[in-house]
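Written out below as structure tokens is the structure these notes cover.
Take a look at the structure:
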């Protein structure tokens, strides 16, 4: 069965195959923020870090928001995905109800005036990136399963269960794969 049922495009989700040994992507759910011939950019939605956004940014309003590991590229950068694209100029629509970036000074204003709450935004350290043709090769090899994105995955799901939830939403045989244990015990 081909895993190219969904289309590789901005807004698609990549689910790491269940036995991936790559610690960066093990059981990860990556939303694609950009997909072009030159390459692809995405963010791992389900790898929460033990840090608050206030700990990483100076001159930032008081804001109790968790930070996630977006991927192994440019881990000295911070990105944000949100659902307030109509309020934040410069935001790029990824999929229905999900936007990337936007005017940072305006974001700080929206946070300080409580127009943006922690439930509206996710911050990421670094991102996931693929050069031209690399993601296609990884899909052909079977490293990823493609899925459709829903804003609830980002803003309403429990990150520690997200891979399993999205895999289950794909139906059989993926719902069986979703229930497989993270590690295999040999008797």
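Residue numbers (my numbering): 3 to 189. We put the CB at the ideal spot given by N, CA and C, even for glycine. Just so we're clear, the structure is a prediction, and the values are computed from it rather than from any experiment.
Start and end of the alpha helix (DSSP H) containing residue 195? Here the chain has residues from 3 to 189 only, and residue 195 is not among them.
Who are the near neighbours of residue 30 in its chain, counting only those whose CB is closer than 7 Å to its CB and skipping five residues on each side? Beyond the five residues adjoining it in sequence on each side, residue 30 comes within less than 7 Å, by CB distance, of 18, 46, 48, 49, 165 in the same chain, given in chain order.
If you draw a straight line from the C-alpha of residue 20 to the C-alpha of residue 123, how long is it? Straight-line spacing of the CA atoms in residue 20 and residue 123 works out to 28 Å.
Inter-residue spacing [alpha-carbon to alpha-carbon] between residue 74 and residue 102: Spanning the two alpha carbons is a distance of roughly 18 Å.
Between the CA atoms of residue 89 and residue 25 - distance to the nearest angstrom: Cα to Cα, the separation comes out at about 36 Å.
Residue 157 versus residue 142: straight-line alpha-carbon distance, rounded: Straight across, the Cα-Cα distance linking residue 157 with residue 142 is about 30 Å.
Give the DSSP-derived three-state secondary structure of residue 153 in the structure shown. Residue 153: helix per DSSP, three-state reduction.
Contact check, residue 32 vs residue 13, beta carbons under 8 Å: No, Cβ-Cβ distance for residue 32 and residue 13 is not below 8 Å.
Give the C-beta separation of residue 125 and residue 10 to the nearest angstrom, bearing in mind that I take them to be a contact with Cβ-Cβ under 8 Å. Rounded to whole angstroms, the Cβ separation of residue 125 and residue 10 is 25 Å, and the two are not in contact under 8 Å.
Whose CA, out of 144, 140, 139, 168, lies closest to the CA of residue 153? The residue with the shortest Cα to Cα distance from residue 153 is 168.
Does the beta-carbon distance from residue 150 to residue 53 come in below 8 Å? Taking a C-beta distance under 8 Å as the contact criterion, residue 150 and residue 53 do not qualify as a contact pair.
What's the C-alpha gap between residue 35 and residue 87? Straight-line Cα distance between these residues: approximately 14 Å.
For residue 120, which of 93, 109, 146, 135 has the nearest alpha-carbon? For the residues 93, 109, 146, 135, the minimum Cα distance to residue 120 belongs to 109.
Which residue marks the beginning of the beta strand (DSSP E) containing residue 83, and which one marks its end? Taken as a continuous stretch (DSSP letters only), the beta strand (DSSP E) holding residue 83 covers 75-84.
How would you write the range of the beta strand (DSSP E) that residue 62 sits in, first residue to last? If you look at residue 62, you'll find it isn't in any beta strand (DSSP E); DSSP assigns it neither H nor E.
In the DSSP assignment, find the unbroken beta strand (DSSP E) run with residue 125 in it and report its ends. Under the DSSP assignment, residue 125 falls in the beta strand (DSSP E) whose first and last residues are 123-133.
With 16 as the cutoff for other CB atoms within 10 Å, does residue 173 come out buried or exposed? Exposed, by the Cβ-count rule.
Beta-carbon gap between residue 113 and residue 65 smaller than 8 Å: Taking 8 Å as the Cβ cut-off, residue 113 and residue 65 qualify as a contacting pair.
Using the DSSP secondary-structure output, state which residues sit across from residue 44 in a beta bridge. According to DSSP, residue 44 bridges with 34, 130.
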